[in-house]
Amino acid sequence: MNSTYYGTLIFELSKKGRKGYSLPANEFKGYSIPENISRQSETMLPEADEQTVVRHYTNMSNNNFGVDTGFYPLGSCTMKYNPKINEENASHPAFQGLHPLAPTTAVQGALEVYYNTQKILSELGGMSEFTLNPFAGAHGELTGLMVIRNYHLIRGDLKLTKIIIADSAHGTNPASAAVCGLEVVEVKSTDNGTVDVEALKPLLGDDVAGMMMTNPNTLGIFETKIPEIAKLVHDCGGLMYYDGANLNPLLGVCRPGDMGFDVMHINLHKTFSTPHGGGGPGSGPIGVRAGLEAYLPNPQVKKADNGTFYVNYDNDSLGYISGFFGNYAVVLRAYTFLLSAGKEQFAKMGSLAVLNANYIKESLKDCYELPIQGLCKHEFVFNGLIDKSQHVTTLDVAKRLLDYGFHAPTIYFPLLFHEALMIEPTETESKDTIDEFIKVMKQIAKEAAEDPEMVKSAPHKAPITRVDDVKAVKEPKLTYKAYL
Amino acid sequence: MAYKYFPHTEEDIQQMLKVAGVQTLADLYAEVPEELKLKRDYNIPSEMSEVEIRKHFKELGDKNKQLVCFAGGGVYDHYTPSVIGYITQRSEFLTSYTPYQAEISQGTLQYIFEYQTLMADLTGMDISNASMYDGATATAEAMMMAVANAKKKNKVLVSAALNPAVIRVVETYAKYHGVEIQLIPAANGATDKTALEAELAHGETARVRIGQPNYYGIAEDLSGVADMCHEQKALLIINAPASTLAALKTPGEWGADIAVGDAQSLGLPMSFGGPYLGYFCAKEALVRKMPGRIVGGTTDHDGKRTFVLTMQAREQHIRRQKATSNICSNQGIMTLMVTIYMSLMGPQGLKEVNEQSYAGAHYLYDELLKTGKMTPAFEGQTFFNEFVVKTTLDVDKLQQHLLDNGILGGLKPEGVDNAIMFAVTEQRSKAEIDKLVELIKEA
């Protein structure tokens, strides 16, 4: 990233008569698109030569910060290093040109990757079977909830329409439940940030379809009462759903399936190293315990006794949640990572991530307010600066971090604390990087006390200064036409 | 011992454990109940070096057949300019996350703004969001948005000529979301407008969805359909493969309220089904009901034109169960690919792509009819770059014969017996098409 802003838009580089492509000459004479079905209006597409386009997007990329640029401690997002061999395989020529409706005999290699990935994820999650069709974590949640509803519907339990969700849950949990037609019932957290079992008990009844949890939760606290919670929910006929956004710290230690979860999703773009791509594509495979396999969405990839792979369409399936096999090229990346790490490195992965988080927490708790003491897992939450006398907010601290070459942590989430600053360092960050981050965080705390105005007006060294997001809402400019 | 993705030395670990206040890495999990811990090795393969991974992928890749593609069904073998892969591998784009921190994310925000402009323009609509997962889920989201918008109405009419892969996803979402779907039959391969009008007259319809060109490749005549819908206060949604929008009458020109579809045809590799990109465009009045992320223009404190995620009050991280959708991660970098594609191709390039695809498909159609082994499935309809023909040949055997000769011949269309469906793009040469026809002649 450099500090000079490049703010030109492609439309401003367009000149009539330029071209940036080459196609073969049209070999088919005498055919033209009939006028009555043709587009009437001109398009706004730009006209630019190839180098102009390349420079435009290259300069634009210099305004951006990625994991390869520097430390990205965004809580609940698991911004780990994205290995480069993953990219090589994602665009492997033997896979890139495959049509998803090609006969299975022509795509055996592609199906084998899909199948092997299902099997490895099943073992890591302690589940019986996986599907890789969901496109992202929230899509996995929705699909997993459909599995739960399908399970109840097939059993004839039509009145199970409530889903219990912790108040610390990711926003996608209640949103996915609503899309799935479930009624959300929120369960409160105790003062130490875990699910309040006593508050949960009265919510349980014969109308509860299940409960969604993440463990560790969004405060990075391991829910030690999970066996009891799972039993309570199972006893009233509900199923347990595991939000896999926080799976990373458990690698090598324990598995959602062994904790009593029936359905789970995994974010391949978090735990399994595929790049976040400025917001996607992700991939949100879901796993189920034994007995629920048939309910997974179609198409399902299976292995025949003779060792070949085939595509199955199960009548008990919840239906289709994607056109084809999900974000397949993301699966190619994750499979590469699964092979690279193997059982040896997955055994250590979680504990190194947890070590990094606890090291930062203990090193900074003298400057930043730590509302929940004790061991955290992959992430933890500060409630802003301890010294709030200068009214320097979490937003200010976040913006000042940008000046020092770090991405900001997740801010103002979870909603349990007003000044939440949620920090997640992954196992791929070195002690040296983390030490530098700690030094800078202490420096910002010092600046907040000595020169609060400077912190409040940060960033000062980013490509631009703070953006006016109120103006963006009040005077919406959603396409370039607003500037013409 | 050391692993290339873990930077910790033994000494680092010891120093850090001390600060963390524990003796060993296992102590970091002291609170986890013992009975929950996995006390064995994972039963998965051992770690592999890059050398071994490359060999493994070579072996897997050799099990796939590289074929000349005449299949469509919503996924098309269009040309991907070399610039696209090169630019999207830039780690500043690829390894960033959702642009929450606008001050260090203008690259991402700018290309999404360009994308929104281009996609709204292509569809003839006012606004676009920053992407959905694929064309099918975008269509399902449009269904939920229309029902939410209509308050009391809960029925959605869907043309049976829409791609069945899309219909199946819409039906799944509808089943769990509590929406009633009614299929409007196809007559001669196109939406039956009389049946549509009759069904609309019942007055319970929140929305009507039609594919354009439809599943069978037919460019339907949709004149009058928008008025028919609006008279009954139903929204019209048109689903179109994005590439064709540059050539065909747009959803906006047909009077649609929402335009959705897959943008795979704008230069994205087929990649065994994904990742693609679902586009979602609408009339301006619907902006506050839109699902997904939206980028807007604003200024920074120095007055510079900048961009930012906006109207977030619609989204799950703010509204939780009251959000317009549960979507969080979208298709990110695919948006950049499509934006670069449109920037390179420009109006002339897309025009050529469409003209060549159209011409190639019509040439193939004419040649197939000349063989005497194929007849038109839908007489009198106008198709674009994909079409269905009836045949006296055994379709399974024919497909195998073509496969044995390195060709992914057409698909078996759902809903039409003894038929085959071919798609042609600008990547198919006359020589390839002639070879296909020769193979069919000898079949």
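Quick mapping for you: the protein sequence lines, in order, are chains A and P. All residue numbers in the first sequence are consecutive under this note's numbering, ending with 612. All residue numbers in the second sequence are consecutive under this note's numbering, ending with 706. Glycine included, each C-beta is placed from N, C-alpha and C at the ideal position.
Below the 9 Å Cβ cutoff, chain P contributes no neighbours of Gly272(A), its closest Cβ being approximately 12 Å away.
Judged by DSSP in its simplified three-state form, Cys382(A) adopts strand. Residue-level contact check: Arg317(P) touches chain A, since one or more beta carbons of chain A fall below 9 Å from its beta carbon. The DSSP-derived three-state label of Leu288(A) is coil. Annotated three-state conformation of Lys398(A) is coil, per DSSP. By the 16-neighbour rule on beta-carbons within 10 angstroms, Ser692(P) is exposed. With a 10 Å radius around the Cβ and a threshold of 16 neighbouring Cβ atoms, Pro228(A) comes out buried. Here Val571(P) is near Thr561(P), since their CB atoms are less than 9 Å apart. For Met407(P), the nearest beta carbon of chain A is closer than 9 Å to its own beta carbon. Annotation note: the segment 439-479 of chain P contains the following uninterrupted beta strand (DSSP E) runs of length 3 or greater, listed N- to C-terminal: 443-447, 468-474.
Your pair Lys546(P) and Met388(P) checks out as a contact, with CB atoms roughly 6 Å apart and the cut at 8 Å.
Closer than 7 Å at the C-beta level to chain A, one finds these residues of the segment 303-314 of chain P: Asp304, Tyr305, Asn306, Ile307, Pro308, Ser309, Glu310, Met311, Glu313.
When Cβ pairs closer than 8 Å are counted between the two stretches, the segment 460-474 of chain A is seen to touch the segment 242-262 of chain A, the count reaching three or more. Using beta-carbon distances, Arg470(P) does not count as an interface residue toward chain A, since no partner is under 9 Å.
DSSP, reduced to helix, strand and coil, places Arg568(P) within a strand of the structure shown.
Leaving aside the five residues that flank Asp563(A) on each side, none in its chain has a CB nearer than 8 Å to its CB. Residue-level contact by beta carbon holds for Gly612(P) and chain A, with a gap shorter than 9 Å. The three-state secondary structure of Ser411(A), taken from DSSP, is coil.
In terms of Cβ geometry, His220(A) and Phe320(P) form a close pair [threshold 9 Å]. Distances from the CA of Lys614(P) to each of Gly135(A), Ile161(A), Tyr133(A) were compared; the closest alpha carbon is that of Ile161(A). Near chain A, meaning a CB-to-CB distance below 8 Å, the residues of the segment 328-346 of chain P are Lys328, Gln329, Leu330, Cys332, Ala334, Gly336, Gly337, Val338, Asp340, Tyr342, Pro344, Val346.
Interface criterion not met: the Cβ of Phe641(P) is under 9 Å from no Cβ in chain A. When CB distances to chain P are screened at a threshold of 7 Å, the residues of the segment 304-332 of chain A falling below it are Ser304, Ala305, Ala306, Val307, Cys308, Gly309, Val312, in chain order. Contiguous alpha helix (DSSP H) elements confined to the segment 359-395 of chain P occur at 369-386, taking only those with 4 or more residues. With respect to Ile514(A), Tyr532(A) sits apart: the two C-beta atoms are not nearer than 9 Å. For Leu420(P), the pairing in a beta bridge is given by DSSP as Gln445(P), Val471(P).
If you compare the alpha carbons of Gln473(A), Ala306(A), Val439(A) with that of Leu378(A), the shortest gap goes to Gln473(A). Within the same chain, Thr386, Gly387 come within 6 Å of Thr513(P) by CB-CB distance, once the 5 residues on both sides are set aside.
Here DSSP, grouped into helix, strand and coil, assigns Lys614(P) to helix. Counted as a single uninterrupted DSSP element, the stretch harbouring Asn668(P) is not any alpha helix (DSSP H), since DSSP gives it neither H nor E. Here Cys332(P) is bridged, per DSSP, to Leu671(P).
In the structure shown, the three-state DSSP call for Thr318(A) is coil.
Inter-residue distance for Leu674(P) and Glu404(P) is about 28 Å (C-alpha atoms, whole angstroms).
The beta-carbon of Tyr478(P) is placed no less than 9 Å from the nearest beta-carbon of chain A. In this structure the segment 147-159 of chain A touches the segment 174-186 of chain A; the number of beta carbon pairs closer than 8 Å is three or more. Excluding sequence positions up to five before and after Pro362(P), its CB lies within less than 7 Å of the CB of Ser368, Thr371, Leu372, Leu572, all in the same chain and listed in chain order.
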